[in-house]
Ligand code: F6P
């Protein structure tokens, strides 16, 4: 039987765990299935430009703990602006896929990547997706790799804000990533003992927010920690963190400072849990190719590995449910979500 030849690409925002996923796919494909593996550089751009490297076992050694991606990434969207004939990128991808005699490609990425992967599959390519993003907003899976590392980094930052907030009796606002969802803010906010957690999924009320801060100070709480997801409603001209810090200071006259944590949440070595999850996803993706389970994304449900049709995921985002069990418990402990 002809051994398979597969391509791997990493697309969209980077995160810790990408190299663990590449390693999981590559090692399983080579060692268990005898497949030939190539890696495309810079996401879909590498497919469009036929820019790739051969991946042998030795290329995959020593990368499990490495942040970033050995293949590089990009936010190239091959179908953007592609009315018939306007954009040759999808045709170049298909042409290069066949010229390289590929049997399948593994696309490691977030929502945008899965959307592109689904269309390439619909147009005839064999594709398997792996859900990646610190945002944890990919529909169809309980968790994406990158999320645990971002929560760990953000929690460590919040821990540090407690001591400086206490020293100055201040309100400390920290803005976390998450695009349009509040998963990182919810989990890191709870892990870091945030007093107020603002999520895009729960509309905050300025008066309620400030009343909560004032009540804390009147109750002799020496400081407050406010954890803000970047996607909450705020003027485009300033960051969410700055907007909330300014709003609190202007309405309560309490000393307030903000920290926008930014890209450190995407940097460095993956957490042990992300290494395991990314490895599981990678190994399972190679198995799906061996079993010809194409047009799917690997996912985890109650810790079991499953596949979800890419067609079911396209154009969907996994938002935080306002009645999420963690939110219910937090409210019962007196954590405010700025809405009441
Ligand atoms: O999707 C991951 C993410 O870090 C989001 O949380 C953030 O809003 C976005 O990427 C930033 O995009 P870029 O890396 O293009 O600046």
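Numbering (my numbering), first residue to last: 16 to 355. Glycine included, C-beta positions come from ideal geometry on N, C-alpha and C.
Q.
With H, G and I counted as helix, E and B as strand and the rest as coil, what does DSSP make of residue 239?
A. strand
**Q.** Straight-line gap, residue 354 to residue 173 (C-alpha atoms, nearest Å)
**A.** 22 Å
(Q) From the DSSP secondary-structure annotation, give me the bridge partner or partners of residue 105. (A) Note: residue 105 sits in no beta bridge, so no partner.
Q | Helix, strand or coil at residue 248 [DSSP, three-state] | A | coil
Q. What did DSSP end up calling residue 72 once you bin it into helix, strand or coil?
A. helix
**Q.** Complete runs of the alpha helix (DSSP H) confined to the segment 27-56 [at least 4 residues]
**A.** 33-42
Q: Quick one: give me the first and last residue of the beta strand (DSSP E) that residue 115 is part of.
A: Note, residue 115: premise wrong, no beta strand (DSSP E); not H, not E.
Q. Just the Cα atoms here: how many angstroms apart are residue 84 and residue 337?
A. 34 Å
Q: Assuming residue 292 contacts residue 129 (C-beta within less than 8 Å), just tell me the rounded distance between them.
A: With 8 Å as the limit, residue 292 and residue 129 do not qualify as a contact, their Cβ atoms being about 17 Å apart.
Q) Where do the ends of the alpha helix (DSSP H) carrying residue 270 lie? A) That residue, residue 270, is in no alpha helix (DSSP H); it is neither H nor E in DSSP.
Q) Quick one: is the Cβ of residue 365 within less than 6 Å of any heavy atom of the ligand F6P? A) Not covered by the structure: residue 365. The range shown for the chain is 16 to 355.
Q.
Would residue 9 and residue 245 be called neighbours here (beta carbons separated by less than 7 Å)?
A. Not covered by the structure: residue 9. The range shown for the chain is 16 to 355.
(Q) Once the 5 residues before and after residue 227 are set aside, which same chain residues still bring their CB inside 7 Å of it? (A) 211, 351
**Q.** Within 7 Å, strictly: CB atoms of residue 186 and residue 269
**A.** yes
Q: Using only the heavy atoms of the ligand F6P, determine whether one of them is closer than 6 Å to the beta carbon of residue 336.
A: no
Q | Straight-line gap, residue 260 to residue 250 (C-alpha atoms, nearest Å) | A | Rounded to the nearest whole angstrom, the CA to CA distance from residue 260 to residue 250 is 13 Å.
Q.
At a cut-off of 6 Å, would you count residue 194 as near the ligand NAD, judging by its Cβ distance to the nearest heavy atom?
A. In the structure on display, the ligand NAD does not appear, and the ligands it does have are the ligand F6P.
Q: Please indicate yes or no: does the CB of residue 150 lie closer than 6 Å to some heavy atom of the ligand F6P?
A: yes
Q) If you compare alpha carbons, which of 197, 316, 138, 75 is closest to residue 149? A) 197
Q. In this structure, does DSSP put residue 180 in helix, strand or coil?
A. Residue state, collapsed to three classes: helix.
Q: With a threshold of 16 other CB atoms inside 10 Å of the CB of residue 318, please say whether the residue is buried or exposed.
A: exposed
Q | Closest Cα partner of residue 119 within the set 320, 62, 21 | A | Ranked by how close their Cα comes to the Cα of residue 119, the residues 320, 62, 21 have 21 in first place.
Q) Does the segment 32-51 come close enough to the segment 90-97 that 3 or more CB-CB pairs lie under 8 Å? A) no
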